[in-house]
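The block underneath contains the structure these notes are about, expressed in C-alpha cells.
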Amino acid sequence: MKHFEFENGRIVIPAVIVAAVIAAIVAAIQVGRQGSKGSGLGSEYRLDLSSMSHIDPELILYEETGNPIRTGLFESRALTMGPSGILYVAGDETVKIIAPEGRMMNSLPLTVSPRCLAATEEQLYIGTWDRVLVVGINGKMQADWPSLGEDARITSIAVDDEHVFVADAGQRIVWCFDRTGRLIRRIGDKDPEKGIPGFVIPSPYFDLAMAPDGLLRVANTGRQLIEAYTVDGDRELAWGKFGNNLEDFTSCCNPVNFAVLSDGSIVTCEKGIVRVKVYDGSGRLTGVVAGPRQFAGGTQSSYETPAQGKQIILDVAVDDAGRVYILDRSRNVVRIFAKKEV
Amino acid sequence: MESIKNDNGKTRREFLRDALRGASLAAVGGLVGMGLSRGDGDELIWQIDPAKCTYCGSCATACVLEESAVKCVHAYDICGYCQICFGFFEPQPHAINEGAENQMCPLGAIGRTFVEDPYYEYNVDESLCIGCAKCVDGCNTFGNGSLHLQVRHDRCAHCNQCAIALECPSDAFQRVPASQPYLFKKGGEV
C-alpha cells in the first residue's frame with residue numbers, strides 16, 4: 257500500500273501543476289487585456305477610424321527634416337514664428353526661444369500660464385486666458401492689458417504695424433486693439449445685414465493670422481470655415497466645409513490652428529483625424545504636410561492607456577522659406593517639414 | 186500512550202489550540218481596525234474615473250447584471266452643442282440628419298434637440314444605453330469629451346468585488362464614498 261501511494265504521488269503532483277499552468281494560459285488568452293478583445297461586443301460597437309487615416313502618398317508634399325526640437329516644457333501650448341526665423345514656444349509658465357537651427361537660445365520665465373503669443377522685432381504679445389501681456393524680447397514686462405472679462409478665453413494673437421488682434425474663444429469674438437492696448441473695435445459679431453454669421457467656437461481652439469494681402473484670416477471652427485476680415489471688421493470671403501473628403505474639415509470644430517505662408521497659402525491643423533494640410537488662398541487643397549500616421553496615436557480609436565487616448569492638438573508656424581513647424585503638444589516637440597524636391 | 190512533544194515541550198493539541206487562539210485574536214483585531222477606519226460609517230462603492238477610461242467596451246459586457254449598471258452620462262457644461270457632434274454622428278455620416286444610418290450609437294440611445302442655429306442639445310436615453318462607450322470614444326476623439334461613463338447606483342448591485350473593475354484594462358474603477366457616488370466630468374480649464 258505504501259509503495260502504491262508513493263508512486264501515485266509522483267504522478268498526481270506534476271499532473272496538478274501542469275493542469276494549473278494550462279488553466280492559466282487558457283485564462284490569459286480568453287481574458288484579453290485590450291477591451292476590444294475582452295468586451296465581446298461586435299464591430300458596430302467600436303469606433304473605427306482606419307479608413308479615414310489613409311492619405312494618398314502622392315498628395316503628401318512635405319517631408320520631415322532634421323530631428324524634432326524638444327521644447328523642454330511639461331505642457332507646451334503654442335508656437336509662433338518671429339522675425340529672423342526665431343521660434344517662440346509658450347507653455348508651463350515660460351516662453352522658450354529657439355534659434356533657426358534648433359538651438360535653445362533663451363527661456364523667459366513668467367508668473368502666469370501663457371496660452372498663445374505673437375512676436376515682433378522688439379516685443380512679445382503673450383495671451384493668458386483673459387488678458388494680454390506685452391514683454392520685451394529681453395524679457396522685461398512692458399504692459400499688462402486689462403482683463404477681457406471672466407468669460408474670456410484668449411487663444412490666438414496676431415500683430416500688424418498698427419493693430420493687435422486677439423481671438424477670444426470664450427466670448428466668440430476677435431478684439432482689435434492698437435499697439436498701446438486701446439480697444440478699437442470688435443470683429444465678428446453676428447450681423448446678417450453685413451453677411452457676418454458670427455463665430456461658432458465649441459472648443460478652446462480659435463486661431464487667427466494676418467495674411468500678405470492685408471486681410472485677417474480667422475478660423476471659424478464650428479462652421480469649418482476660414483474667414484477673411486478687413487481690419488475694419490468687414491467679412492470679405494470665406495471657404496471650407498465639413499466633409500469626409502481630404503479637402504474638407506472633419507470633426508465638430510476644425511481647423512484648430514493654422515498659419516499663412518508668404519504666398520498666401522494656408523497651412524491648417526486638424527484634431528480628431530490629426531493631419532496638416534495646405535490650401536491656396538482661395539481654399540483649394542494643394543497638398544498634405546503630414547497625415548495621421550505620422551503622429552503617435554493619430555489614428556487610434558481604442559487605447560491601452562489613458563495617455564494614448566488624450567486628444568492630439570497641433571500648433572503650426574511657417575518661416576519665410578516655406579518650411580512648416582509643427583508643435584506636437586502631446587510629445588512636447590517641434591517637428592520641421594520642408595517641401596519635397598520635385 | 187504518551188503524547189509526542191516538540192522541542193518546546195508542546196503537544197500537537199496544545200500547538201493547535203494556541204494557534205487557534207492567536208488567529209481568533211488577529212481576526213478580532215482586524216475587525217476592530219476596520220471598524221475604526223470606517224468610523225464615519227460611509228460605505229464605499231465602485232465608480233469609474235473618466236480620466237482613466239479608455240473606452241474599451243468592457244463595461245457593457247462584464248457587469249454581473251444582464252443590463253450593465255454602467256451608462257453614458259453627459260457633462261453639459263463641457264459640451265459645445267455642436268451641430269455636427271461625433272458623440273452623435275458616425276465619423277463619416279451619409280448626411281447631417283438624425284437618420285439611424287448616420288448615428289454613432291448602434292442602439293439610438295443619444296437624441297438631439299435643436300436649441301438655436303447652429304446649436305443642438307444632446308441627451309442620453311439610459312434605458313437604451315448599454316455602456317459600450319462608442320459615443321464616449323467619438324466625443325473624446327473629435328470633441329470636448331463631455332460624454333463619459335459612470336456606474337449608475339440605482340442600477341448597480343454593489344458587488345463587493347466589481348466584475349467590471351476586474352476586467353478594466355486601465356484600472357479606471359475605484360472605490361468612492363457612497364455619499365459622493367459620482368465622478369462626473371466638470372467644465373474647467375483645458
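Quick note, the sequences are listed as chains A and B, same order. Following our numbering, the numbering of the first sequence begins with 257 at its first residue and continues without gaps. Following our numbering, the numbering of the second sequence begins with 186 at its first residue and continues without gaps. From the three backbone atoms N, C-alpha and C, an ideal C-beta is built for every residue, glycine too. Predicted model only: the values in this text are computed from it and were never measured.
Residues of its chain near residue i, where Cβ-Cβ distance is below 7 Å and the 5 sequence neighbours each way are ignored
| i | result |
| --- | --- |
| A408(A) | W385, D386, D424, G426 and Q427 |
| R198(B) | none |
| G244(B) | It is worth fixing the name first, because residue 244(B) is Cys in this sequence and not Gly. Cβ neighbours of C244(B) beyond the five flanking positions: S253, V255, G316, A318, L334 and I349. |
| R591(A) | E320, P324, I582 and D584 |
| A374(A) | T336, Y381, I413, A414 and V415 |
| T561(A) | Note that T561(A) scores 49 on pLDDT, short of 50, meaning its location in the model is unreliable and no value can be drawn from it. |
| E377(B) | Residue 377(B) is absent from the structure shown; chain B starts at 186 and stops at 375. |
Sequence-distant residues of its chain with Cβ nearer than 6 Å to residue i (five each side left out)
| i | result |
| --- | --- |
| D571(A) | A334, L335, N513 and L583 |
| P303(B) | Q268 |
| V544(A) | I311, L315, I316 and K533 |
| R479(A) | V456 |
| D234(B) | A357, Q359 and L368 |
| C508(A) | P458 |
| P354(B) | C241 |
Residue interval of the beta strand (DSSP E) (run including residue i)
| i | result |
| --- | --- |
| K256(B) | V255 to H259 |
| T350(A) | T350 to I354 |
| T298(B) | I295 to E301 |
| I349(B) | Counting along the chain, I349(B) falls outside any beta strand (DSSP E), though it belongs to the alpha helix (DSSP H) covering A348 to E352. |
| A346(A) | L343 to G347 |
| Y304(B) | Y304 to V309 |
| I568(A) | Run containing I568(A): none; DSSP gives neither H nor E here. |
| A467(A) | No beta strand (DSSP E) holds A467(A); DSSP gives it neither H nor E. |
| E492(A) | R491 to W495 |
Assigned secondary structure, residue i (DSSP; H/G/I helix, E/B strand, else coil)
| i | result |
| --- | --- |
| Y381(A) | strand |
| I269(A) | helix |
| R360(B) | strand |
| Q277(B) | coil |
| F200(B) | helix |
| A577(A) | coil |
| P324(A) | strand |
| G392(A) | strand |
| G298(A) | coil |
| I443(A) | strand |
| R337(B) | coil |
| M289(B) | coil |
| P365(A) | strand |
| K293(A) | Confidence at K293(A) is low in this model, with a pLDDT of 48, below 50, so the placement of that residue is unreliable and no value is reported for it. |
| Q365(B) | coil |
| A412(A) | Before going on, a small fix: residue 412(A) reads as Ser here, not Ala. If DSSP states are grouped into helix, strand and coil, S412(A) belongs with the strands. |
| V430(A) | strand |
CB contact check: residue i to chain E, cutoff 8 Å
| i | result |
| --- | --- |
| F358(B) | Looking at the structure shown, chain E is missing, and the protein chains on hand are A and B. |
Partner residues on chain A for residue i, Cβ-Cβ distance less than 8 Å
| i | result |
| --- | --- |
| Y266(B) | P458 |
| C317(B) | S295, L297 and Y301 |
| D310(B) | Going along chain A, no residue has its Cβ under 8 Å from D310(B), so there is no contact; the nearest lies around 17 Å. |
Start and end residues, alpha helix (DSSP H) containing residue i
| i | result |
| --- | --- |
| N282(B) | Run containing N282(B): none; DSSP gives neither H nor E here. |
| A247(B) | S243 to A247 |
| C525(A) | From DSSP, C525(A) is part of no alpha helix (DSSP H) but of the beta strand (DSSP E) over I522 to E526. |
| D322(B) | K319 to F327 |
Chain B residues whose Cβ lies nearer than 8 Å to that of residue i
| i | result |
| --- | --- |
| Q567(A) | N325, T326 and G330 |
| E426(A) | Contrary to the premise, residue 426(A) reads as Gly rather than Glu in this sequence. Correct list: empty, because the minimum Cβ distance to chain B is about 11 Å. |
| G478(A) | G265, C267, Q268 and P303 |
| M308(A) | P276 and Q277 |
Partners in chain A for residue i, counting only beta-carbon separations shorter than 9 Å
| i | result |
| --- | --- |
| A260(B) | Neighbours of A260(B) on chain A: none; closest Cβ ~13 Å, over 9 Å. |
| D227(B) | Going along chain A, no residue has its Cβ under 9 Å from D227(B), so there is no contact; the nearest lies around 27 Å. |
| T246(B) | G294, S295, G296 and L297 |
Within chain B, the residues that residue i reaches when beta carbons sit closer than 7 Å
| i | result |
| --- | --- |
| G508(A) | In the sequence as displayed, the identity of residue 508(A) is Cys instead of Gly. Simply G265, C267, I269, C270, F271, F327 and G328. |
| F498(A) | I269 |
| G405(A) | Near G405(A) there are no residues of chain B at all, since even the closest Cβ is about 16 Å away, more than 7 Å. |
| L305(A) | P276 |
Interface residues of chain A facing residue i [CB-CB closer than 7 Å]
| i | result |
| --- | --- |
| K256(B) | Result: empty, since nearest Cβ-Cβ is about 15 Å, beyond 7 Å. |
| T196(B) | Going along chain A, no residue has its Cβ under 7 Å from T196(B), so there is no contact; the nearest lies around 26 Å. |
8 Å Cβ shell around residue i - same chain, five flanking residues per side excluded
| i | result |
| --- | --- |
| T542(A) | L317, S521, V534, Y535 and D536 |
| K195(B) | D203 |
| G372(B) | A260, D262 and I263 |
| D434(A) | E418, H419, V420 and I440 |
| K370(B) | P235, A260, I263, G330, S331 and H333 |
| T506(A) | M308, F498, G499, N500, E526, G528 and I529 |
9 Å Cβ cut-off: residues of chain B touching residue i
| i | result |
| --- | --- |
| G451(A) | The premise fails here: G451(A) is roughly 15 Å from chain B at the closest Cβ pair, so nothing lies under 9 Å. |
Kindly confirm or deny that the segment 241-255 of chain B and the segment 290-302 of chain B touch, where touching means at least three C-beta pairs closer than 8 Å.
no
Hey, is the segment 502-519 of chain A in contact with the segment 335-354 of chain B, meaning 3+ C-beta pairs nearer than 8 Å?
no
Is the segment 351-365 of chain A touching the segment 400-420 of chain A in the sense that three or more CB pairs, one from each, lie closer than 8 Å?
no
The segment 309-319 of chain B touching the segment 273-286 of chain B, judged by at least three CB pairs closer than 8 Å
no
Cβ contact check for the segment 572-592 of chain A and the segment 517-537 of chain A: 3 or more pairs under 8 Å:
yes
Mind the definition here: the segment 443-462 of chain A touches the segment 322-330 of chain B only if three or more C-beta pairs lie below 8 Å; say whether that holds.
yes
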